[in-house]
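Numbering (this note's numbering), first residue to last: 134 to 310.
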């Protein structure tokens, strides 16, 4: 898991730079992607796969967005085979997602991503710059009431509820090799 990089924080974590890297080093300690997440991402990726091919979830990248965080325009270009899709799942506060073209000069298209939304980046979209310039953490625009209602008012849920009211989590599942 890594946090969105290059953001100033009130309480900077000395270990944060360790999580800001862009290579797949399978020799590093890592956890297995949960079976349920593999099954879900495989099902979501199926429309983008060639007939007879199956999506093999090999890497999961988790981006955490707190208040004021953003993810600048970038390409997901570390995989060997760009013909395989990326399954991107959004949880928590609403965000603006921008997707442009093959160069930063092309005007991007803006869309909202809400909790539960999935983007399947495949084909020509794999070669397009994209990013998240803003998340909405204010009560009026965060659009998480449906998510909030799924939590009970029990004591154990209060800290989780506070967390999701001001946060966004994005999970990207990829076939690397």
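We put the beta carbon where it would ideally sit given N, CA and C, even for glycine.
> In the structure shown, what three-state DSSP assignment does residue 184 receive?
Replying inline: In the chain shown, residue 184 corresponds to position 51, counting from 1. Coil, per DSSP.
> Which same chain residues, not among the five before or five after residue 259, have their C-beta less than 6 Å away from its C-beta?
Replying inline: Working through the chain shown from its first residue, we reach residue 259 at position 126. The answer, listed in chain order, is 215.
> Buried or exposed: residue 303, going by 16 or more other Cβ atoms within 10 Å of its Cβ?
Replying inline: Position 170 of the chain shown holds residue 303. Buried: at least 16 other Cβ atoms inside 10 Å.
> In this structure, what does DSSP give as the bridge partners for residue 219?
Replying inline: For this step, residue 219 is matched to residue 86 along the chain shown. Bridge partners of residue 219: 254, 307.
> Counting along the chain, where does the alpha helix (DSSP H) carrying residue 177 start and finish?
Replying inline: Sequence index remark: in the chain shown, residue 177 carries index 44 (1-based). Looking at the DSSP string, the run of the alpha helix (DSSP H) that includes residue 177 is 168 to 178.
> Do you know offhand how far residue 169's Cα is from residue 201's?
Replying inline: Taking the first residue of the chain shown as position 1, residue 169 is located at position 36. Taking the first residue of the chain shown as position 1, residue 201 is located at position 68. Their Cα atoms are separated by approximately 31 Å.
>> Check whether the segment 179 to 186 and the segment 266 to 277 are in contact - that is, three or more C-beta pairs closer than 8 Å.
In response: With the rule of 3 Cβ pairs closer than 8 Å, the segment 179 to 186 does not count as touching the segment 266 to 277.
> Assuming residue 334 and residue 174 make a contact with CB atoms under 8 Å, what is their CB distance in whole Å?
Replying inline: Absent from the model: residue 334. The displayed extent of the chain is 134 to 310, so no value can be given.
>> Using 8 Å for Cβ pairs, my map puts residue 227 next to residue 261. What's the rounded Cβ distance?
In response: Numbered from its first residue, the chain shown carries residue 227 at position 94. Numbered from its first residue, the chain shown carries residue 261 at position 128. So it is not a contact: roughly 22 Å between Cβ atoms.
> Considering residue 280, what are the terminal residues of the alpha helix (DSSP H) in which it resides?
Replying inline: Residue numbering aside, residue 280 sits at position 147 when the chain shown is read from its first letter. Annotation for residue 280: the continuous alpha helix (DSSP H) segment containing it runs 278 to 282.
> What does a CB cutoff of less than 7 Å around residue 264 pick up in its chain, not counting 5 residues either side in sequence?
Replying inline: Working through the chain shown from its first residue, we reach residue 264 at position 131. Closer than 7 Å at Cβ, skipping near neighbours: 204, 205, 206, 207, 231.
> Roughly how many angstroms lie between the CA atoms of residue 209 and residue 280, to the nearest whole one?
Replying inline: The count along the chain shown starts at 1 and reaches residue 209 at position 76. The count along the chain shown starts at 1 and reaches residue 280 at position 147. Approximately 29 Å between the Cα atoms of the pair.
> Tell me which same chain residues have a C-beta within less than 6 Å of the C-beta of residue 306, skipping the five on either side of it?
Replying inline: Taking the first residue of the chain shown as 1, we reach residue 306 at position 173. Excluding residues within five positions, the ones whose Cβ falls inside 6 Å are 174, 190, 193, 220.
>> In whole angstroms, give me the CA-to-CA distance for residue 291 and residue 242.
In response: Residue 291 sits at position 158 when you count from the first residue of the chain shown. Residue 242 sits at position 109 when you count from the first residue of the chain shown. Computed Cα separation, rounded: 36 Å.
> Taking the Cβ atom as the reference point for each residue, do residue 177 and residue 253 lie within a distance shorter than 9 Å?
Replying inline: For the purposes of this step, residue 177 is taken as residue 44 along the chain shown, with counting starting at 1. For the purposes of this step, residue 253 is taken as residue 120 along the chain shown, with counting starting at 1. It is a contact, given that the beta carbons lie within the stated cut-off.
> DSSP three-state call for residue 293: helix, strand or coil?
Replying inline: The residue labelled residue 293 in the question sits at position 160 within the chain shown. Helix.
> Contact check, residue 223 vs residue 246 under 8 Å by CB: the rounded distance?
Replying inline: Indexing the chain shown from 1 puts residue 223 at position 90. Indexing the chain shown from 1 puts residue 246 at position 113. 5 Å between Cβ atoms; contact.
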